[in-house]
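Residue numbers (the working numbering), protein chains in the order written: chain A, 1330 to 1582; chain B, 1330 to 1582. Glycine included, C-beta positions come from ideal geometry on N, C-alpha and C. As the structure is a prediction and not an experimental result, all values here were calculated from the model. Only one structure is covered here, and it is reproduced in the block below.
Written out as structure tokens, the structure reads:
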């Protein structure tokens, strides 16, 4: 099972204070870029994998989604999501993405924000998601960018001109990365960008868009601290579409 | 037009001594990984964009390609390629990929090794290549990896444990990068990995495989100097397939 750091009291206390948890989607700088990748949700059955406090689930309903299933490994998260939601068309459940098995062809759209980099077996996960989607349905997800995650000591340094510079090492050495973030020993799983995309393709998805998030000039003007995000990507946004079997046959590497 | 550094005498003299120029494809560590992405070439009309001394063109003919067109911006390269080739089914021509316009539906396979990162307008290039390919045909190309190219001062440093570490800055700031490599002021064009893939998708390709080249354990055992390639990717290998219009309609971001 995936490490459930979110139910660690110290972690949960810190994490709950993040602007995106307190204020919701609009407090996440990448949200406009994510939103640009989303299909029309009107009338759709949506699943959110790693739903946290349910901000996306409630937003999807505002956009006209017929029903939203929000899943999260954290009992604390799910409890908070339920407390924040009064909508019988949103169902929240505790679920471990490492072992989850959704019903086949149950959803028109799958979403996940910043959850898949906690999962060791990405191939199993995306094959399961593909089965749970209806033909032509989309999967849009965000993860920490592998450039951000790879190094043994991922923190800013300075180059010879004094410019903020991010270290990369161990990029080809995939697997566990342990960091301290609100709690010690948070376990993430580093995969090369190519591994993530090839995993999707092998599972029967077509890659539609790959966005290495960078803030816009307007965002930087409003929040100058975001300028460092131009130096190295922290987040990867991917849009993929369920490919049908006949197309899959033609898509060997 | 693209900078033609290859016709600079000092550059050409140094470049010509690279093992891959002297000994051909097998001297390039990434060649087995590239070869794994190639379709069966028997009977096919092949174009090589940035053909250098023609090693790939001659190899493609050994694999049964019906005809190979090798194009390069460098008159010196083309002269050397012609001198090394005695095969009426291989044609070499001087051509600038920045302005090249191939005949529509003329080729069954397009190949390019380490040339596209010299090109400013990648979108124009891949739209032109798509038109020049027949339905279902593949494009396989290699470029310098954007992690390798992005930084203002791209060279090894050491992290606090003394581990070889590669700097990344300016990743989101696409455009010219000037380096000194056999000659001063070699101009390359940095694009984010997502920009390269989205350019292909927008041009009407399906992304089939994305390989961030890393040497195998056997390659490192034979050549220990390759171990540093595990720390950061130097090369990006991409396989894409010409998508037909009906499929393209469905592939908005």
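Neighbours of residue 1440 of chain A in chain B, taken as residues at a C-beta separation under 8 angstroms, are lacking, since the least C-beta distance is about 15 angstroms. With fewer than 16 other CB atoms across the displayed protein chains lying within 10 angstroms of its CB, residue 1433 of chain A is exposed.
Only those residues of the region 1491 to 1503 of chain A whose C-beta falls short of 8 angstroms from the nearest C-beta of chain B are listed: 1492, 1493, 1494, 1495, 1496, 1497, 1498, 1499, 1500, 1501 and 1502. Restricting attention to alpha helix (DSSP H) runs no shorter than 4 residues, the region 1333 to 1359 of chain A encloses them at 1338 to 1344 and 1348 to 1351, ordered along the chain. Taking the beta carbon of residue 1530 of chain B as reference, the chain A residues within 8 angstroms of it are 1536, 1537 and 1538, listed in sequence order. In this structure, the straight-line span from the alpha carbon of residue 1520 of chain B to that of residue 1538 of chain A is close to 15 angstroms. Residues of chain B with a Cβ closer than 9 angstroms to the Cβ of residue 1362 of chain A do not exist, since the nearest Cβ in that chain sits about 10 angstroms away. At least one beta carbon of chain A lies nearer than 8 angstroms to the beta carbon of residue 1488 of chain B.
Between the C-alpha atoms of residue 1335 of chain A and residue 1547 of chain B there is a straight-line separation of about 41 angstroms. For residue 1451 of chain A, the closest of A:1504, A:1367, A:1412 and A:1343 by C-alpha to C-alpha distance is A:1504.
For residue 1391 of chain A, the uninterrupted alpha helix (DSSP H) run begins and ends at 1384 to 1391, by DSSP. With a 10 Å radius around the Cβ and a threshold of 16 neighbouring Cβ atoms, residue 1372 of chain A comes out exposed. By the rule that beta-carbons nearer than 8 angstroms mark a contact, residue 1476 of chain A touches chain B.
For residue 1398 of chain A, the enclosing beta strand (DSSP E) has its first and last residue at 1396 to 1401.
The CB of residue 1560 of chain B comes closer than 8 angstroms to the CB of 1497, 1498, 1499, 1500 and 1501 in chain A, given here in chain order. One finds nothing in chain B with a Cβ atom closer than 9 angstroms to the Cβ of residue 1520 of chain A; even the nearest lies about 11 angstroms away. For the pair residue 1468 of chain A and residue 1441 of chain A, the Cα-to-Cα distance works out to about 8 angstroms. For residue 1543 of chain B, the chain A residues whose C-beta falls within less than 9 angstroms of its own C-beta are 1500, 1501, 1502 and 1521, listed in chain order.
DSSP places residue 1565 of chain B in the uninterrupted beta strand (DSSP E) bounded by 1564 to 1571. Sixteen is the threshold: when 16 or more other Cβ atoms of the shown chains lie within 10 Å of the Cβ of residue 1362 of chain B, as they do, the residue is buried. In this structure, residue 1426 of chain B and residue 1407 of chain B do not form a Cβ contact; the two beta carbons are roughly 14 angstroms apart against a cut-off of 8 angstroms.
Taking the CA atoms as reference points, residue 1359 of chain B sits about 7 angstroms from residue 1544 of chain B. For residue 1551 of chain B, the enclosing alpha helix (DSSP H) covers residues 1546 to 1551.
When DSSP reads this structure, residue 1468 of chain B sits in a beta bridge with B:1439 and B:1569.
For residue 1559 of chain B, the closest C-alpha among the options B:1569, B:1568, B:1429 and B:1541 is that of B:1541.
Using a Cβ-Cβ cut-off of 9 angstroms, residue 1446 of chain A is close to nothing in chain B; its nearest Cβ partner there is about 17 angstroms away. Taking a contact as a CB-CB distance under 8 angstroms, the pair residue 1366 of chain B and residue 1566 of chain B counts as one, their CB atoms being some 6 angstroms apart.
When only Cα atoms are considered, residue 1473 of chain B and residue 1526 of chain B end up about 14 angstroms apart. Neighbours of residue 1527 of chain B in chain A, taken as residues at a C-beta separation under 7 angstroms, are given in chain order as 1538 and 1539.
If you ignore the 5 residues before and after residue 1341 of chain A, its C-beta comes within less than 7 angstroms of the C-beta of 1335 and 1405, all in its own chain and listed in chain order. By the neighbour-count definition (other C-beta atoms within 10 Å, threshold 16), residue 1347 of chain A is an exposed residue. Of A:1483, A:1455, A:1466 and A:1414, the smallest CA-CA separation from residue 1532 of chain A is found for A:1455. Scanning its chain for C-beta atoms nearer than 6 angstroms, with the 5 sequence neighbours on each side dropped, one finds around residue 1398 of chain A the residues 1376 and 1420, in chain order.
For residue 1420 of chain A, the enclosing beta strand (DSSP E) has its first and last residue at 1419 to 1423. When the beta-carbon positions are compared, residue 1350 of chain B and residue 1381 of chain B come within less than 8 angstroms of each other. Rounded to whole angstroms, the separation of the alpha carbons of residue 1418 of chain B and residue 1556 of chain A is 53 angstroms.
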